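So the protein sequences, as listed, match chains V and U. According to this note's numbering, the first sequence is numbered sequentially starting from 2. According to this note's numbering, the second sequence is numbered sequentially starting from 12. Just so you know, even glycine gets a beta-carbon here, dropped at the ideal spot from N, CA and C. All values derive from a computational prediction rather than experimental measurement.
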Amino acid sequence: MSKEDNMAKALPGYGTIDVPKDRVVPFGAVTPAPVGTQKLFQTSNWRVVRPVKDEEKCTRCLQCYLACPDACWVYKEEDDTLEWVGDFCKGCQVCIAQCTVDGALVAAPELDFEGGVVRLEKPF
Amino acid sequence: MAKVHEITVWARGVLQDKEGRDVINIFAKAAQAEGKHAQAFDNYEDLPDRVLVTVRKYVRLSDEEITHKYVYTNDKPEVVVICEATIVKGIDVLRGMEPGGTLIINTNRSIDDMLKLLPNANLLATIATVDADAITGVRTVDFSGSEGGVDTTGIGKGIAAPIVGAVAKVTGLIKKESLAKIVSDVSGMERGYNEVKIKHFKPAVAELVGAAAGSKTKR
Ligand code: SF4
Ligand code: SF4
């Protein structure tokens with residue numbers, strides 16, 4: 002018996018409903034990360050500012066990579082670079098707040114850039 | 012039925028939800044004070060409780076009773092008002108607009124900068140900008156008055172005041188005097204009215220041909 006099944010057994014009411022074997026769902030679920038996989042979750046049009054990185058100052062401490070709630074900083078180990086995934090960045094600035102180096106990551110007005118925002122037909 | 016003027020206001024969730032709603036409510040109240048018929052709705056379909064997410068607010072004005080009740084969205088907005096300029100990058104704000112429409116944006120950037128961000132600017136007969144944030148510096152963040160609730164904070168205290176002033180001047184749909192009776196910040200409204208920058212476009216050739224054809228068929 003798997004660990005999940007044992008956990009289910011400990012719950013009150015276990016076994017009182019007769020669920021067919023093929024309808025049983027294990028505890029927990031795996032959902033794909035937002036980046037690149039959930040095409041309908043493109044939140045770039047929430048952005049008023051975007052995070053801009055100063056390559057010279059950045060120490061690759063990876064705090065931004067860890068902090069981003071939408072996994073918009075992708076670390077490329079081969080060339081020791083961080084890539085920003087703009088289509089999904091909502092401009093929350095959490096990465097900027099967590100950055101350990103003064104001025105390595107700053108907010109720039111989105112209107113200063115020509116493109117970079119996925120234009121949606123309707124509000125998100 | 013007399014012509015119904017559809018105005019759609021775009022704002023950012025939470026941070027501008029109240030200001031956007033104020034714009035439509037001020038306009039609807041002022042229109043009613045002038046003896047017009049008006050409808051105002053906000054937040055249907057959208058997510059106003061998520062920070063920065065784009066939200067729409069709608070107002071309709073007409074000289075006669077408006078009969079398309081229970082339709083919340085403006086399918087063919089004649090006037091589009093943008094409370095935060097970045098929205099033009101992320102949304103097709105002119106969707107549904109028929110040629111000859113009006114766009115009014117709260118921004119300190121130039122009209123030409125804004126036009127660069129609009130792929131379908133050829134629909135516009137008029138574009139205008141007003142720097143509402145510089146005029147008042149106030150954004151009321153409050154859910155008062157939403158979803159039909161009672162508004163306890165008062166309307167037109169922040170950027171909504173200069174924005175409605177600008178919209179009144181550009182569209183001519185409402186008199187400044189009627190707005191002054193409703194907005195809390197009358198001087199902000201007047202500055203919006205006076206300081207709005209406006210650019211008109213000559214009608215495109217296709218439109219002129221269309222208009223000529225239209226008048227022929229009417230005889
Ligand atoms: S601004 Fe927010 S969403 Fe964008 S990269 Fe930084 S943490 Fe991620
Ligand atoms: S948190 Fe700042 S210093 Fe650290 S990797 Fe990100 S940008 Fe570089």
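Terminal residues of the continuous alpha helix (DSSP H) containing V:PHE42? For the purposes of this step, residue 42 of chain V is taken as residue 41 along the first sequence, with counting starting at 1. Note, V:PHE42: premise wrong, no alpha helix (DSSP H); not H, not E.
Report the residue from U:LYS80, U:VAL90, U:VAL15 and U:GLU76 whose alpha carbon sits nearest the alpha carbon of U:TRP21. The residue labelled residue 21 of chain U in the question sits at position 10 within the second sequence. Taking only the C-alpha atoms, the option nearest U:TRP21 is U:VAL90.
Is the shortest distance between the beta-carbon of U:ASP153 and the beta-carbons of chain V less than 7 angstroms? The residue given as residue 153 of chain U occupies position 142 in the second sequence. Chain V contact via Cβ: absent.
Just reading off the alpha helix (DSSP H) that U:ALA44 is part of, what are its end residues? Counting from 1 along the second sequence, the entry for residue 44 of chain U is found at position 33. Its alpha helix (DSSP H) spans residues 28–44.
Look at U:VAL34 and U:ALA172 and say whether their C-beta atoms are less than 7 angstroms apart. Translated into the one-based positions of the second sequence, residue 34 of chain U becomes position 23. Translated into the one-based positions of the second sequence, residue 172 of chain U becomes position 161. Their beta carbons are not under 7 angstroms apart, which means U:VAL34 does not touch U:ALA172 by this criterion.
Would the segment 68–82 of chain U count as touching the segment 23–42 of chain U if we require 3 or more Cβ pairs under 8 angstroms? yes
Compare the C-beta of U:LEU237 with all C-beta atoms of chain V and state if any pair is closer than 7 angstroms. For residue 237 of chain U there is no data in the structure shown, the boundaries of chain U being 12 and 230.
Does the beta carbon of V:VAL75 sit closer than 7 angstroms to a beta carbon anywhere in chain U? As a working note, residue 75 of chain V is residue 74 in the first sequence. No, V:VAL75 lies away from the interface with chain U (no Cβ there is under 7 angstroms from its Cβ).
Environment of V:ALA11 [buried if 16+ CB atoms lie within 10 Å]: As a working note, residue 11 of chain V is residue 10 in the first sequence. Exposed, because fewer than 16 other Cβ atoms sit within 10 Å of the Cβ of V:ALA11.
Whose Cβ in chain U lies nearer than 8 angstroms to the Cβ of V:TRP85? Your numbering for residue 85 of chain V matches position 84 in the first sequence. Ordered by position in chain U, no residue passes the 8 angstroms Cβ test against V:TRP85, which lies about 17 angstroms from the chain.
Nearest to V:PRO52 (by Cα), restricted to the options V:ALA9, V:GLY16 and V:CYS100: Locating residue 52 of chain V in the first sequence gives position 51, where the first residue counts as 1. Here the closest residue by C-alpha is V:CYS100.
How big is the Cα-Cα spacing for V:GLU78 and V:ALA98? Residue 78 of chain V sits at position 77 when you count from the first residue of the first sequence. Residue 98 of chain V sits at position 97 when you count from the first residue of the first sequence. So the two alpha carbons sit approximately 24 angstroms from each other.
Got a sec: is the Cβ-Cβ distance from V:LEU67 to anything in chain U below 7 angstroms? As a first step, residue 67 of chain V is located in the first sequence; it is residue number 66 there, counting from the start. Cβ-Cβ to chain U under 7 angstroms: no for V:LEU67.
Look at the alpha carbon of U:LYS213 and the alpha carbon of U:VAL181, and state the distance between them as a whole number of angstroms. Within the second sequence, the letter at position 202 stands for residue 213 of chain U. Within the second sequence, the letter at position 170 stands for residue 181 of chain U. U:LYS213 and U:VAL181: Cα-Cα distance of roughly 16 angstroms.
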